[in-house]
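In our numbering, the protein residues as written are 132 to 411. Where is the CB? At the ideal position from N, CA and C, for every residue including glycine. First the structure, in the form of structure tokens, and then the observations on it.
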């Protein structure tokens, strides 16, 4: 499956949320990052057909042939996913299987398969009201896997989860053995490093960066420094300064600096995110 965005623009009243986006998604994992309101969720909803763009089009290709988006099988997890409290885990997925028009003769085996994948099979008879937040999110990803989707889209799938559940969730995404586009959004930058996804950074409705995790980090090379507290005020080019000890700060600069009192250090994902999100 290939997804092609052509000149996608979305306006709400007089505000332009997405501005003339052109991009192609192939069969790999993509991470959408960016501040709230940068356009991530809006683009996801446009791709799935839940809302229409003000301008432009989304084109789907299967085996190099254009197909109608109505024939595309989406696995979509919204930020607001909630299970029916009185349903068991199995009943919840049975409901989704029926909604997706999966043949009743095969969906029992498929429900078991996806519940095993997200490590919920042993909880199949537990009512959803008794599940933890992390288990609810895993149930959410299980429903996206039902029906052999052509594309999976996960909008902030780790929101509200503790660090252990977040890492467990990322491992589930990493383990999905499907040769399809998998697109997810997150505001927790360091969580995505284990996936090595294609990173797409949104800013003000445009794509500010797209590339690999290593390219993302490399964008901040030579702009991250250690600085003593007494010299911090001398660094006028700093975007951000983070206190890491009583007398030492981690400084993110707008450009490469040559002050003798600065120590150049290796950037991390968070450094690159702050650097690339600086005001133009």
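Three-state secondary structure assigned by DSSP to residue i
| i | result |
| --- | --- |
| residue 351 | coil |
| residue 214 | coil |
| residue 145 | coil |
| residue 390 | coil |
| residue 296 | helix |
| residue 223 | helix |
| residue 441 | Lying before the first or after the last residue shown, residue 441 is absent from the chain, which here runs from 132 to 411. |
| residue 322 | helix |
| residue 259 | helix |
| residue 135 | strand |
| residue 193 | strand |
| residue 379 | strand |
| residue 180 | coil |
| residue 254 | helix |
| residue 285 | strand |
Spatial neighbours of residue i in its chain, beta-carbon cut-off 6 Å, leaving aside the 5 residues before and after
| i | result |
| --- | --- |
| residue 296 | 265 |
| residue 351 | 398, 402, 403, 406 |
| residue 384 | 354, 368, 369 |
| residue 139 | 149, 152, 184, 187 |
Distance, residue j Cα to residue i Cα
| i | j | result |
| --- | --- | --- |
| residue 316 | residue 253 | 29 Å |
| residue 379 | residue 362 | 10 Å |
| residue 375 | residue 381 | 7 Å |
| residue 212 | residue 181 | 15 Å |
| residue 345 | residue 321 | 13 Å |
| residue 328 | residue 151 | 24 Å |
| residue 167 | residue 262 | 28 Å |
| residue 359 | residue 392 | 8 Å |
| residue 366 | residue 396 | 16 Å |
Test: residue i CB closer than 8 Å to a CB of chain D
| i | result |
| --- | --- |
| residue 290 | Checking the listed chains, one finds no chain D in this structure; it contains a single protein chain. |
Distance CB(residue i)-CB(residue j) smaller than 8 Å
| i | j | result |
| --- | --- | --- |
| residue 249 | residue 269 | yes |
| residue 189 | residue 136 | yes |
| residue 260 | residue 217 | yes |
| residue 368 | residue 386 | yes |
| residue 242 | residue 221 | yes |
| residue 87 | residue 165 | The requested residue 87 is not part of the displayed model; the chain covers only 132 to 411. |
| residue 267 | residue 162 | no |
| residue 312 | residue 157 | yes |
Spatial neighbours of residue i in its chain, beta-carbon cut-off 7 Å, leaving aside the 5 residues before and after
| i | result |
| --- | --- |
| residue 231 | 277, 278 |
| residue 204 | 278, 279, 280, 281 |
- Taking one C-beta from the stretch 353 to 368 and one from the stretch 317 to 335 each time, how about it: are there three or more such pairs within less than 8 Å? no
- Query: Any contact of the stretch 219 to 239 with the stretch 282 to 294, i.e. 3+ C-beta pairs under 8 Å?
  - Reply: no
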